[in-house]
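Asker: The structure follows.
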Amino acid sequence: TAFTQILGYHHIKSTPYHPQTNGAIERFNSTFERQIAKLTDQCVNNWDMHLKSVVFAYNTGQHATTKFSPYELQFGRQPKLPPEKSPTSYEFSKPNDYFQFLQQTLKIYQQQAYRNMKKNQQYYKQKFDANRQDSYYNVGDLVLKRFSTFPSKLA
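Numbering (full-length UniProt numbering), first residue to last: 1 to 155.
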């Protein structure tokens, strides 16, 4: 918890049986399931053999909305891949200097990712609103109200 406070993270818990509150993780699960399904045999008994490569590919791939990989947003730098040599090396006079450098880099990445997300949200809002028509009701008009139930993944 001290580490998350230093980096400015806040753990938010969601309500049970309400998947809409966890939209980002539900989206990740959907992507993850599709990627695992592409790599498994028809008997799907070997999905665990592909787990590390799928997670690594996701974590090092650039996200379409943030324009950063999850790895970059988590660690503040590009991952070092096995055949690659680090393009830049840094020398710090004090151990604490690296931590401060990391904090500054993470802040820059996260701010840019936030701006990219807002820009993307605005783009999709404009696309949605272009075809949206407002509904007008008068007092006394009959309306139909839908009560939706949330599907349970445990059922």
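The beta carbon of each residue, even a glycine, is placed where N, CA and C say it ideally should be.
Keep in mind it's a predicted model, so treat the numbers as computed, not measured.
(1) Decide if Thr-21 is buried, meaning its Cβ has at least 16 other Cβ atoms within 10 Å, or exposed.
(2) Do you know offhand how far Gln-112's Cα is from Phe-128's?
(3) Classify Gln-110 as buried or exposed, calling it buried when 16 or more other Cβ atoms lie within 10 Å of its own Cβ.
(4) From Gln-62 to Val-54, what does the alpha carbon distance come to, in whole angstroms?
(5) Compute the Euclidean distance between the alpha carbons of Asn-46 and Phe-32, then round it to the nearest angstrom.
(6) Using the Cβ count rule (16 or more neighbours within 10 Å means buried), how would you classify Thr-149?
(7) Which term fits Glu-91, buried or exposed, when burial requires 16 or more other beta carbons within 10 angstroms of its beta carbon?
(8) Applying the criterion that 16 or more other CB atoms from any shown protein chain within 10 Å of the CB defines a buried residue, is Glu-26 buried or exposed?
(9) Between Gly-76 and the rest of its own chain, which residues show a CB-CB distance below 7 Å, the 5 nearest in sequence each way excluded?
(10) Counting along the chain, where does the alpha helix (DSSP H) carrying Ala-130 start and finish?
Answerer: On the basis of the supplied data:
(1) exposed
(2) 24 Å
(3) buried
(4) 14 Å
(5) 15 Å
(6) exposed
(7) exposed
(8) exposed
(9) Leu-102, Thr-105, Leu-106 and Tyr-109
(10) 95 to 130
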